[in-house]
Amino acid sequence: MTSVITLLTDYGLEDGYVAACHGVIAGIAPQARVIDVCHLIPSGDVRRGAAVLAQTIPYLPAGIHIGAVDPGTGGARRAVAVEAGDRVFIGPDNGLLSWAVRASGGARAAYELSNDEHFLRPVSPTFHGRDVFAPVAGRLCRTPSGSGGLRLADLGPEVPVDRLVTLPEPTSHLREGSVEGEVVSVDRYGNTQLSIAAGDLQALGVRVGDTLGVWLGRRQLSLPFRETYAAVPPGELVAFADSAGLIAIAVNSGDAAQRLGLPPGAHVRLSPTQ
């Protein structure tokens, strides 16, 4: 298998959890290149982790991708390895991997991680990132399946791909003269990413330089639609198409989510102003 392993977790950087995962991988597959996607996902925020992984995966090399945002660790949820395109995703079967799997062409096969021969021992019931996900990834990376090494099927029983847990996809709906969507995620700057694509606004005739009508529940705002948040003075609200091609609402040098009270899942409607 490939020599690239990526890591996305909610472990933070204040403790040794991330280093422990790196150490396990290095001890098993010292040739592996490990890429840290993010370790600052809000604790237990599966949806935020799914969004970050899915929006990052197109820019990552083919490889083994570990996701460990796992509030159900040690409980009844399965741990799985999912093959999608030229990638293998390893993590909890709680929906965390689902958007990235879809972005990689969809699941081709999936296996439950139940063969503890490939785990660290003893396995901590609260740290599967170190004791299950990292060693499995390292062993897959170390032993190419084409040369008689570890195969995904060696990890445990096959799981029908239609039985994998999936998160509901963020949606948007074009209606007469407007488009409705939701807040997909909020980044560390407080920028609120919507499920509304830039193409949806283009279909309504909105162009950069126009003004948008924005409905947040019963509140109505008028925001400039610009290329970037820096196109407005510091402290001012702005809407723009972000690096994922989705519409975002931001405050130049400020926190839009806090100012507007927009958590993930909040409903938003946009329309051109007259």
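Quick note on my numbering: the sequence shown kicks off at 5 and runs consecutively.
Here a beta-carbon is modelled for each residue, glycine too, at the ideal position from N, C-alpha and C.
Residue ranges of each beta strand (DSSP E) within the region 218-247, 3 or longer: 223-228 and 241-245
Distance between D74 and N98 (C-alpha atoms, nearest Å): Here residue 98 corresponds to residue number 94 of the sequence shown, with the count starting at 1. Here residue 74 corresponds to residue number 70 of the sequence shown, with the count starting at 1. For N98 and D74, the distance between alpha carbons rounds to 8 Å.
Cβ-based burial, A234 [other Cβ within 10 Å; buried from 16]: Start at 1 with the first residue of the sequence shown, and residue 234 comes out as number 230. That one is exposed.
Residue interval of the beta strand (DSSP E) (run including Y115): Indexing the sequence shown from 1 puts residue 115 at position 111. A113 to E116 is the extent of the beta strand (DSSP E) around Y115.
Boundaries of the beta strand (DSSP E) in which D74 is found, first to last residue: Numbered from 1 along the sequence shown, position 70 holds the residue referred to as residue 74. Element bounds for D74: n/a, residue is neither H nor E.
For Y21 and A113, the rounded distance between their alpha carbons: Position 109 of the sequence shown, counted from the first residue, corresponds to residue 113. Position 17 of the sequence shown, counted from the first residue, corresponds to residue 21. Using only the alpha carbons, I get a separation of about 29 Å.
Touch test, the region 264-274 against the region 171-186, Cβ-Cβ under 8 Å, three pairs minimum: yes
Simplified DSSP state of V8, which is helix, strand or coil: Numbered from 1 along the sequence shown, position 4 holds the residue referred to as residue 8. Strand, per DSSP.
Host beta strand (DSSP E) of Q262 (start-end): Locating residue 262 in the sequence shown gives position 258, where the first residue counts as 1. It is not in any beta strand (DSSP E) - Q262 instead sits in the alpha helix (DSSP H) that spans A260 to L264.
Spatial distance of A58 from P238 (CA atoms): By one-based count along the sequence shown, residue 58 stands at place 54. By one-based count along the sequence shown, residue 238 stands at place 234. Between A58 and P238, the C-alpha separation is close to 31 Å.
For E162 and E173, the rounded distance between their alpha carbons: Position 169 of the sequence shown holds residue 173. Position 158 of the sequence shown holds residue 162. Looking at the two C-alpha atoms, the distance is approximately 25 Å.
For Q197, the residue or residues it bridges with in DSSP: As a working mapping, residue 197 is identified with position 193 in the sequence shown. In the DSSP output, where bridge partners are listed per residue, Q197 has S189 and A252.
Continuous alpha helix (DSSP H) stretch holding I32: start and end: In the sequence shown, counting from the first residue as 1, residue 32 sits at position 28. Element bounds for I32: Y21 to I32.
Same chain only: Cβ atoms within 7 Å of V28, ignoring 5 sequence neighbours per side: In the sequence shown, the residue the question calls residue 28 occupies position 24. Around V28: L124, R134, A138, P139 and G142.
C-alpha gap between T196 and E121, whole angstroms: Residue numbering aside, residue 196 sits at position 192 when the sequence shown is read from its first letter. Residue numbering aside, residue 121 sits at position 117 when the sequence shown is read from its first letter. T196 and E121: Cα-Cα distance of roughly 44 Å.
Cβ pair T60, T130 closer than 9 Å: Your numbering for residue 60 matches position 56 in the sequence shown. Your numbering for residue 130 matches position 126 in the sequence shown. No, they are not a contact pair.
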